[in-house]
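K.L.:
For this note's numbering, count along the sequence shown from 1 and bump the result up by 21.
For every residue, glycine included, the Cβ atom is placed at its ideal position computed from N, Cα and C.
Remember, it's a predicted structure, so these values are computed and weren't measured experimentally.
Structure in structure tokens, see below.
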Amino acid sequence: MLPFLLFGISLAFFLWFANGFSESQMIPCISIGLRIINFSLMSVGFVLTTEPRDFVMSMIQQFRVPYVIGYSFLAAYRFLPTFSDELKK
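Pasting the structure below:
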């Protein structure tokens, strides 16, 4: 979680410094930084609490994603750890 926090804060400060040091620019920059942190935390929460199979099945049933694409995504997701191990060797 720390990288998301650092990225959001550093982006807010970068935007604030790039636009000058006026106080009128500080609020939008902090708002953007907090939005990034919020979106990152929600994404991590979603990934940690959702099973990939359930997610793919809901995408196929609710959003009418073609089953070929859904199952291809699921197969690719299952092979990611294998590819990661192969790259480390």
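Our contact map puts M80 next to V86 with C-beta atoms below 8 angstroms; I'd like the distance itself, whole angstroms only.
P.N.:
5 angstroms
K.L.:
Mind checking which residues open and close the alpha helix (DSSP H) that includes V65?
P.N.:
E44 to T70
K.L.:
Over the uninterrupted alpha helix (DSSP H) stretch that includes F76, give me the two end residues.
P.N.:
Where F76 is concerned, the enclosing alpha helix (DSSP H) stretches over P73 to Q83.
K.L.:
Rounded to the nearest angstrom, how far is the Cβ of I58 from that of L108, given a contact under 8 angstroms?
P.N.:
Between L108 and I58 the Cβ distance is about 30 angstroms, and since that is not below 8 angstroms, they are no contact.
K.L.:
Could you tell me the distance, in whole angstroms, from the CA atom of L36 to the CA atom of G66?
P.N.:
27 angstroms
K.L.:
Return the CA-CA distance between I53 and D106, expressed in angstroms with no decimal places.
P.N.:
36 angstroms
K.L.:
Can you give me the C-alpha to C-alpha distance between E72 and T103, rounded to a whole angstrom?
P.N.:
18 angstroms
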